[in-house]
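Here the structure comes first, spelled out in structure tokens, and everything after it is commentary.
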Amino acid sequence: MDQKQSVEIIRSTHEQLRKQLSKDKNFDETWENHCKDESQLQQYAKAMENLATKVWEVDCDGTDRTEYTLKWCKSVLRSYYTNGGRLKLLDKDDRRKRHYADESSGSTFSCGPNPYCMYNDETSELKVDKGIWESGDKIRVLDVGSCYNPFRGADDLETTPIDLAPANPDVFKCDFVNVAVKDDTLVTKKSKNVNSEMELQVEGDEITLLPYAFYHAVVFSLLLTYIPCPKVRWCLCEKAHRLLATNGLLLIVAPDSCHQNRHAALMKEWKNAIESIGFQRTIYSKDTHLHLMAFRKVPSDFIWDKRKFDLDQNDIVKKLHIPQDFHGIDGSNVE
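Pasting the structure below:
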């Protein structure tokens, strides 16, 4: 499979998803039919693996796009967990709480919970946060849309690679759109893909249940733009929030080959939408071909700026759009 064939398979798959959603006006129906088309899914998986491992590593501008993304993710995680970045943010949280404790009741800032109470985690009463990271621990990573498990071999990461259609046996099959999140005691499964016991419920090679507040990081690399609906993109970020331990990181990589300021307003809307779930964006950068973002799952007593929360849920959800959403699809009419 050459580059042209790979690109065409990926482009046509995305286009078909958008067109079908425009016709059905019902994401669940469209997604169910998409998941049943195993031939198309496998073609897509092989095309994406081919681009990532053979094409993007020799990009026209001399940049190894795949390696750059991997290095960025690993660098962010190591800087945050092992090189003091997390402690600096926690110290900043404490300073802000002390500062705003003296503010009057009419302050525009509030000390938790999330002003959007409808977005607060329904299992926030869970007494034990299973994913609290301690020095010396491996960083537990859930790589969503992993394709071929690019984080394999990173000794300081304990990665659970999942994909709707894995490109190789190193990756668990999992429909992240529909997979359940459970906070009870789970079936423990040890796999060749995981370096130690992970709380997963696995049937065959497919993960059917993921543990609440267990992961130190969730990675969405090129995932959100695969999904043809703003509402579902938002729901995936909300699910990542439930899977992350307090102060865990959601890393998002999104494609964009335009110049840096072309979609600056769009990325600001993404920031506002994702932060409304209970995140704080800590890193943003624009590469030649990519947007790279890191969001922290903030603690329940985080200091919120109430001025940012003046929209209803539907308006917030719509902010997670991409330019392709407007090519024949009215997202407001999609269920």
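Here the sequence shown is numbered in the working numbering, starting from 17 and rising by one per residue. Where is the CB? At the ideal position from N, CA and C, for every residue including glycine.
* Return the first residue and the last residue of the alpha helix (DSSP H) that H115 is part of. => Against the sequence shown, residue 115 aligns to sequence position 99. G101 to Y116 is the span of the alpha helix (DSSP H), which, as asked, contains H115.
* Asked: Using 8 angstroms as the threshold, is the segment 27–46 in touch with the segment 151–167, meaning 3 or more CB pairs across them?
  -> Contact between the segment 27–46 and the segment 151–167 is absent, with fewer than three C-beta pairs closer than 8 angstroms.
* Exposure label - I148; buried when at least 16 CB within 10 Å -> On the sequence shown, position 132 is the one that residue 148 refers to. Only exposed fits I148, as fewer than 16 other CB atoms lie within 10 angstroms of its CB.
* Asked: Just how far apart, CA to CA, sit P182 and C127?
  -> Indexing the sequence shown from 1 puts residue 182 at position 166. Indexing the sequence shown from 1 puts residue 127 at position 111. A direct Cα-to-Cα measurement between P182 and C127 gives close to 42 angstroms.
* To do: Check each candidate in D303, K62, C251 and D191 and name the one with the smallest Cα separation from K334.
  => Position 318 of the sequence shown, counting from 1, holds the residue named residue 334. That would be C251, whose Cα lies nearest to the Cα of K334.
* Closest by CA to I26, which one among V234, E48, I243 and V195? -> Position 10 of the sequence shown, counted from the start, is the residue given in the question as residue 26. Checked all of V234, E48, I243 and V195; the closest Cα to I26 is I243.
* Report buried or exposed for N165, applying the criterion of at least 16 other Cβ atoms within 10 angstroms of its Cβ. => Within the sequence shown, the letter at position 149 stands for residue 165. The residue is buried, with at least 16 neighbouring Cβ atoms inside 10 Å.
* Asked: Roughly how many angstroms lie between the CA atoms of K87 and R81, to the nearest whole one?
  -> Counted from its first residue, the sequence shown places residue 87 at position 71. Counted from its first residue, the sequence shown places residue 81 at position 65. The alpha-carbon atoms of K87 and R81 are separated by roughly 10 angstroms.
* As assigned by DSSP and simplified to three states, the class of I338 -> On the sequence shown, residue 338 is found 322 positions in, with the first residue counted as 1. Residue state, collapsed to three classes: coil.
* To do: Take the Cβ of Q59 as the centre, count every other Cβ of all protein chains shown within 10 Å, and call the residue buried at 16 or more, exposed below.
  => The residue given as residue 59 occupies position 43 in the sequence shown. So Q59 ends up on the buried side.
* Compute the distance between the beta-carbons of D199 and V187, then report whether it is under 8 angstroms. => Working through the sequence shown from its first residue, we reach residue 199 at position 183. Working through the sequence shown from its first residue, we reach residue 187 at position 171. Cβ distance not < 8 angstroms, so D199 and V187 don't count as in contact.
* Could you check if S273 is buried or exposed, using at least 16 other CB atoms within 10 Å of its CB as the buried criterion? => The residue given as residue 273 occupies position 257 in the sequence shown. With fewer than 16 other Cβ atoms within 10 Å, it is exposed.
* How is R297 classed by DSSP in three states: helix, strand or coil? -> The residue labelled residue 297 in the question sits at position 281 within the sequence shown. In the three-state reduction of the DSSP assignment, R297 falls in the strand class.
* Where L265 falls, given that 16 or more other Cβ within 10 Å makes a residue buried -> Here residue 265 is taken as the residue at index 249 of the sequence shown, counted from 1. Burial of L265 is indicated by the presence of at least 16 other C-beta atoms within 10 angstroms of its C-beta.
* Check whether V248 and L306 have beta carbons under 8 angstroms apart -> Taking the first residue of the sequence shown as position 1, residue 248 is located at position 232. Taking the first residue of the sequence shown as position 1, residue 306 is located at position 290. Contact flag unset, no.
* Would you decide whether H50 is buried or exposed? Buried here means 16 or more other CB atoms lie within 10 Å of its CB. => In the sequence shown, counting from the first residue as 1, residue 50 sits at position 34. With 16 or more other Cβ atoms inside 10 Å of its own Cβ, H50 counts as buried.
* Along the chain, where does the alpha helix (DSSP H) that runs through E150 open and close? -> Taking the first residue of the sequence shown as 1, we reach residue 150 at position 134. Premise fails: E150 is in no alpha helix (DSSP H) and is neither H nor E.
* **Between the CA atoms of C253 and I290 - distance to the nearest angstrom** => Mapped onto the sequence shown, residue 290 falls at position 274. Mapped onto the sequence shown, residue 253 falls at position 237. Cα to Cα, I290 sits roughly 7 angstroms from C253.
* To do: Report buried or exposed for D341, applying the criterion of at least 16 other Cβ atoms within 10 angstroms of its Cβ.
  => On the sequence shown, position 325 is the one that residue 341 refers to. With a 10 Å radius around the Cβ and a threshold of 16 neighbouring Cβ atoms, D341 comes out buried.
* **8 angstroms Cβ cutoff met for D216 and T175** => By one-based count along the sequence shown, residue 216 stands at place 200. By one-based count along the sequence shown, residue 175 stands at place 159. The sequence shown places Leu at residue 216, rather than the Asp named in the question. In this structure, T175 does not lie closer than 8 angstroms to L216 by Cβ.
* **Sub-8 angstroms separation of A229 and A261 beta-carbons** => Looking up residue 229 in the sequence shown gives position 213. Looking up residue 261 in the sequence shown gives position 245. In this structure, A261 lies closer than 8 angstroms to A229 by Cβ.
* To do: Measure from the alpha carbon of F43 to the alpha carbon of each residue in L259, I223 and N194, then state which is nearest.
  => Within the sequence shown, residue 43 is the residue found at index 27, counting from 1. Closest by alpha carbon: N194.
* Asked: Is DSSP giving L158 helix, strand or coil here?
  -> The residue given as residue 158 occupies position 142 in the sequence shown. Strand, per DSSP.
* Asked: From L93, E219 and A63, pick the residue whose C-alpha is nearest to that of V234; which is it?
  -> To locate residue 234, count along the sequence shown from 1; it is residue 218. Selected option, being the one with the closest Cα: L93.
* Go through its chain and collect everything with a Cβ distance to N184's Cβ below 8 angstroms, but skip five positions before and after it. => As a position in the sequence shown, residue 184 is number 168, starting the count at 1. Cβ neighbours of N184 beyond the five flanking positions: E65, Y164 and N165.
* Is DSSP giving Y96 helix, strand or coil here? -> Within the sequence shown, residue 96 is the residue found at index 80, counting from 1. Note: Y96 maps to helix in three-state DSSP.
* To do: Reducing DSSP to helix, strand and coil, say where A4 ends up.
  => With the chain covering 17 to 351 only, the question about residue 4 has no answer from this structure.
* To do: Provide the residue(s) that pair with Y231 in DSSP beta bridges, ordered along the chain.
  => If you number the sequence shown from 1, residue 231 lands on position 215. Residue pairing of Y231 in beta bridges, as defined by DSSP: L260.
* Cβ neighbour criterion (16 or more within 10 Å) applied to A117 -> Position 101 of the sequence shown, counting from 1, holds the residue named residue 117. Exposed is the call here.
* Expressed to the nearest angstrom, what Euclidean distance is found between the alpha-carbon atoms of L173 and Y300? -> Along the sequence shown, read from residue 1 onward, the residue named residue 173 stands at position 157. Along the sequence shown, read from residue 1 onward, the residue named residue 300 stands at position 284. When rounded, the distance between both Cα atoms is 22 angstroms.
* To do: Could you tell me which of N288, K113, T241 and F167 sits nearest to S316, measuring between CA atoms?
  => Along the sequence shown, read from residue 1 onward, the residue named residue 316 stands at position 300. With distances taken between CA atoms, S316 lies nearest to K113 out of N288, K113, T241 and F167.
* For V314 and W320, the rounded distance between their alpha carbons -> Locating residue 320 in the sequence shown gives position 304, where the first residue counts as 1. Locating residue 314 in the sequence shown gives position 298, where the first residue counts as 1. It is roughly 10 angstroms from the alpha-carbon of W320 to the alpha-carbon of V314.
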